[in-house]
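Input: a single structure, listed below in structure tokens.
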DNA sequence: GTCTATATGTTGATAGAC
DNA sequence: GTCTATCAACATATAGAC
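Protein chains in written order, with the working numbering: chain A, 1 to 205; chain B, 206 to 410.
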């Protein structure tokens, strides 16, 4: 699957044109400056929608952010579900997912930075941590099924998920921090090699 | 090495008593509520130092935070250097470092959360990203030396660092997010197993 | 539903006594 | 160096016309 834009990841079809404009403007502001550095007038400028209209559609700044995060998580979840459905075995699905994560990082580094770093709980205290939500649950279930298939060793489920997806997430983080010499997706082969090695290691360790 | 408290990690010996109290108070506030949710009166209450005195010692809130982050990074760096110096081979040093990271996570989860999640650039735009600083540089150099020793496979340096430390960092993140069933340090053996497998995998992959 | 203009409340920072 | 009291600026949220 090719990389998607931030707009495509927010599935905004059910919303009114104004709400779409507000959420996209807010997303751009939050991505670039962070939630706390974003002032309502910034969202007004970015969205082309007036203060009054923003407050007509959203109770306050916090609820606006909440709606945005919800849409984003749902969008990620749907994109991942579609991607997974296009492949057969758990290991193929894992590979496809990693390719997609790396490609998305190259295409939308600031969006990825927002997702990876975001301490959403700092501005949304009621939000559960990202890693307990659908996208990370999907990763875990893929790993568990690969383990059942015998494609991954019989290690603890949390550790195995961390070992399969942790390196990719670190590379993504390095990429968005600007300390990666090459585009993120060029590391996919080496990352797959580390996963291969998890499975094929000699048993007597 | 046993776990250290937040206070021990900030090497504050060279500072005046008042500056120490201010930095520790601020650290507790930032850890618990984040930088933007912390008001000056919160730091006054947490440190027992008055507003005027705080502004006598630090130009403004941002410079206070900057001083704190610098101290914290230096403290981490020193603790890691000491730990590394107590072991011989790169692989032993890597193992010791991972044990220490996990133990610190159990002892000071909120401090670790602050370090891991902190988008310090959101409130300190001039700060380089954490992963380019001494602590992460140390991780990379350990991995490179282990690779030279033949203890790790000849993969890309960034990928190898991500493969060695990424899983541990993911487990730490899961721990501070409260989604880890057992204390973080109980996963060390399984984490070491994943690193072992990197090295001992059959060559013809 | 959308807009402009404005009020309300907070907050970072300062002034000035001790 | 430390403190209390206060200011000035600003950002959120609202009021009310269209």
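Idealized CB from N, CA, C, for every residue including glycine.
These numbers were taken from a predicted model, which means no experiment stands behind them.
Neighbourhood of residue 371 of chain B in chain A, by CB distance below 7 Å: 166, 167, 169, 170, in chain order. Contact residues of the region 182-194 of chain A toward chain B are 187, 190, 191, 193, 194 (C-beta to C-beta distance below 8 Å). Per the Cβ contact rule, the region 184-196 of chain A is in contact with the region 160-170 of chain A (3 or more Cβ pairs under 8 Å). When CB distances to chain A are screened at a threshold of 9 Å, the residues of the region 354-370 of chain B falling below it are 358, 360, 361, 363, 364, 365, 366, 367, 368, 369, 370, in chain order.
Under the 10 Å beta carbon count, residue 126 of chain A is surrounded by fewer than 16 other beta carbons and is classified as exposed. Just measuring C-alpha positions, the residue of A/174, A/144, A/139 sitting nearest residue 96 of chain A is A/139.
One thing to note: residue 328 of chain B has its Cβ no nearer than 8 Å to the Cβ of residue 392 of chain B. In this structure, the alpha-carbon of residue 32 of chain A lies about 29 Å from that of residue 228 of chain B.
Annotation: Cβ neighbours of residue 336 of chain B in chain A (cutoff 8 Å, chain order): 173, 174, 177, 179. At a cut-off of 8 Å between beta-carbon atoms, residue 402 of chain B makes contact with chain A.
Contact annotation: in the region 30-42 of chain A, residues whose CB is within less than 9 Å of a CB in chain B are 33, 34, 35, 36, 37. Three or more Cβ pairs closer than 8 Å define a contact, and the region 277-293 of chain B meets that threshold against the region 210-228 of chain B. In the three-state DSSP reduction, residue 312 of chain B falls in the helix class (H, G or I).
Only residues of its own chain outside the window of five on either side were considered, and among them 326 have a CB closer than 7 Å to the CB of residue 334 of chain B, listed in chain order.
Here residue 386 of chain B is exposed, its C-beta having fewer than 16 other C-beta atoms within 10 Å. The shortest C-alpha to C-alpha distance from residue 303 of chain B to any of B/403, B/404, B/394 is the one to B/394. Secondary structure note for residue 20 of chain A: its alpha helix (DSSP H) is the uninterrupted segment 17-33. In this structure, DSSP gives residue 146 of chain A a helical state, which the three-state scheme calls helix.
With fewer than 16 other beta carbons inside 10 angstroms of its own, residue 183 of chain A counts as exposed.
Here DSSP, grouped into helix, strand and coil, assigns residue 201 of chain A to strand. From the beta-carbon of residue 310 of chain B, no residue of chain A is found nearer than 7 Å; the closest lies around 13 Å away.
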